[in-house]
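6 is the number of the first residue of the sequence shown in our numbering; add one for each residue after it. Comments concern the structure below.
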Amino acid sequence: MSDTRPSSRLPGFYRIRLDERQTELARQVGLSPDELALLASGGISAADADHIVENVVGVYALPLGLGLNFRINGVDRLIPMAVEEPSVVAAASNAARMARAGGGFAAQADESIMIAQIELRDVENTAAATAALQAARAEIVAKADATLPQLLAFGGGCRDLEIRTLPDRRLVVHLHIDCRDAMGANMVNTVAEALAPRLAELARGRIGLRILSNLADRRLVRATTRVPFAALAGDKTAVAGEVLAKAIAGASRFAEDDPYRAATHNKGIMNGVDPVVIATGNDWRGIEAGAHAYAARDGRYRPLATWRVEGDALAGRLEMPMALGTVGGTLAVHPGARLALRVLGVGRARELAEIVASVGLAQNLAALRALAGEGIQRGHMALHRRAVGEG
Ligand code: MEV
6 MSDTRPSSRL PGFYRIRLDE RQTELARQVG LSPDELALLA SGGISAADAD
56 HIVENVVGVY ALPLGLGLNF RINGVDRLIP MAVEEPSVVA AASNAARMAR
106 AGGGFAAQAD ESIMIAQIEL RDVENTAAAT AALQAARAEI VAKADATLPQ
156 LLAFGGGCRD LEIRTLPDRR LVVHLHIDCR DAMGANMVNT VAEALAPRLA
206 ELARGRIGLR ILSNLADRRL VRATTRVPFA ALAGDKTAVA GEVLAKAIAG
256 ASRFAEDDPY RAATHNKGIM NGVDPVVIAT GNDWRGIEAG AHAYAARDGR
306 YRPLATWRVE GDALAGRLEM PMALGTVGGT LAVHPGARLA LRVLGVGRAR
356 ELAEIVASVG LAQNLAALRA LAGEGIQRGH MALHRRAVGE G
């Protein structure tokens, strides 16, 4: 990556005035006066909003903070976070600073494969239907591709099909659609509806539901980090860092062994994930649905990120579905969402997924460090007070 990218280390950023922060961001990213004005106006006008949903009477804004210190796959990123909860932005920035000492975050996203589900009911013979559908694989994939000429032009399209059996003579056909840089909901639903009649014919069954699955387990992202003991300790000694690391690994075990704790642990991850998903105009309900379904994929609700002591560092690892777009959808109509992508400096959906996963992992680290150490009220709220100039 070229070194024209902004630095994500902006020491003292929380101490300067709001207008100075806006100017600094504009300088770092090269924002135009119009883009800068968007920051003050909530990112979208009521007139634009009127074209997005129904019965519009106004717009509803959230605070937009900048997550700092992030280094992801060797690149510095300024993270726009739309969130109302105090301390989230400060905590993410603080954790990212610790992670940075060990090289930051390494993340890797799968291809942008979404699942189109076509439910077939009253199938005469599910085994024979499965065989017939398998035999017609090439025809089905070609038909799916034919419904998405624009996606094909961008290198996407139908990659595979999978057939699952449900009770009561039902089959579910999954079409795996590579949506490239789009989240893909509209395209996937279009394919599902277009293919259903032929699939029902092949299976000798009736058409049921035709819709994407939010359990996007073909579109996973993984993020890892290694935080050296000394960085984890902050001002204290590496020995104190080791004690903290062990306590954080213990907090991870608690979440691994107890679904009640895992829910809260994952909520802390979503504290980092959702603000970036929202700021970039993506469907956070879809991300939430996918995250929790994935967390429970083996029948037991589990943490999306885990932590272990490894040598002289605390190692964290997160894996979750991440169906995000950097084109189409809300982005086409929401100037504030486009601005957030500019601030992030991303073009590809997979790159955005890698960033979001890293922010989720950072947020989890921040929460566990506070919980395993001085407690959330002292730890996080002190960060918040410092950031807003009260402490
Ligand atoms: C609060 O919004 C999030 C936490 O509860 C997460 C956690 O407990 O890991 C602090």
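Just so you know, even glycine gets a beta-carbon here, dropped at the ideal spot from N, CA and C. Keep in mind it's a predicted model, so treat the numbers as computed, not measured.
Query raised in the report: Within 10 angstroms of its Cβ, does leucine 388 collect 16 or more other Cβ (buried), or is it exposed?
Result: buried
**Report entry** Span separating the alpha-carbon of glycine 273 from that of leucine 309
**Finding:** 10 Å
Query raised in the report: When burial is assigned at 16 or more other CB atoms within 10 Å of the CB, is asparagine 130 buried or exposed?
Result: exposed
Query raised in the report: Ordered along the chain, which non-local residues of its own chain (more than five positions away) have a Cβ less than 6 Å from that of alanine 320?
Result: Arg231, Arg313
Query raised in the report: Are the C-beta atoms of glutamate 206 and some chain C residue less than 9 Å apart?
Result: In summary, chain C is missing from the structure at hand, where a single protein chain is found.
Query raised in the report: How would you label valine 348, buried or exposed, when you count the other beta carbons within 10 angstroms and need 16 or more for buried?
Result: buried
Query raised in the report: Which ranges does the beta strand (DSSP E) cover as unbroken runs of at least 3 residues, wholly within the segment 175–235, from first to last along the chain?
Result: 175–183, 211–218, 225–233
Query raised in the report: In chain order, what residues of the same chain have a beta carbon less than 6 Å from the beta carbon of glutamate 25, not counting five sequence neighbours either side?
Result: none
Report task. Go ahead and pull the three-state DSSP assignment for threonine 242. Result -> coil
**Report entry** Which listed residue (Leu357, Pro16, Ala104) has its alpha carbon closest to that of phenylalanine 75
**Finding:** Ala104
Report task. In angstroms with no decimal places, state the Cα-to-Cα distance between proline 233 and valine 244. Result -> 11 Å
Query raised in the report: Would you report the Cα separation of leucine 249 and alanine 296, rounded to the nearest angstrom?
Result: 27 Å
Query raised in the report: Okay, do the segment 180–190 and the segment 285–303 touch, 3+ Cβ pairs below 8 Å being the bar?
Result: yes
Query raised in the report: I think alanine 111 touches asparagine 78, with their Cβ atoms under 8 Å apart; what is that distance to the nearest whole Å?
Result: 6 Å
Requested in this report: Could you tell me whether any non-hydrogen atom of the ligand MEV is closer than 8 Å to the CB of histidine 56?
Outcome: no
Requested in this report: Out of Thr335, Leu336, Val146, Gly72, point me to the one whose CA is closest to asparagine 276's CA.
Outcome: Gly72
Query raised in the report: Just reading off the beta strand (DSSP E) that aspartate 39 is part of, what are its end residues?
Result: From DSSP, aspartate 39 is part of no beta strand (DSSP E) but of the alpha helix (DSSP H) over 38–46.
Requested in this report: Output the distance between the C-alpha atoms of threonine 170 and alanine 137, rounded to the nearest integer angstrom.
Outcome: 14 Å
Requested in this report: Pull up the CB-CB distance for proline 326 and aspartate 222, whole angstroms please, since I reckon it's below 8 Å.
Outcome: 6 Å
Query raised in the report: DSSP on methionine 6, reduced to helix/strand/coil?
Result: Here methionine 6 scores only 39 on pLDDT, less than 50, and its place in the model is too uncertain to base an answer on.
Query raised in the report: Beta carbon of asparagine 60: closer than 8 Å to some heavy atom of the ligand MEV?
Result: no
**Report entry** CB-CB length for alanine 51 against glycine 63, believed under 8 Å
**Finding:** 5 Å
Report task. Could you name each continuous beta strand (DSSP E) segment of 3 residues or more that falls completely within the segment 260–346, going from the start of the chain to the end? Result -> 310–315, 318–326
Report task. Within 10 angstroms of the Cβ of alanine 147, are there 16 or more other Cβ atoms? Answer buried if so, exposed if not. Result -> exposed
Query - Where aspartate 262 falls, given that 16 or more other Cβ within 10 Å makes a residue buried - result: exposed
**Report entry** Local Cβ density within 10 Å of methionine 6, reported as buried at 16 or more and exposed below that
**Finding:** Confidence in methionine 6 is poor, its pLDDT being 39 and thus under 50, which makes the residue's placement unreliable; the coordinate value appears in the next sentence. The residue in question, methionine 6, is exposed, as its Cβ has fewer than 16 Cβ neighbours within 10 Å.
**Report entry** Neighbourhood of arginine 305 by C-beta distance below 7 Å, restricted to the same chain and skipping five residues each side
**Finding:** Pro264
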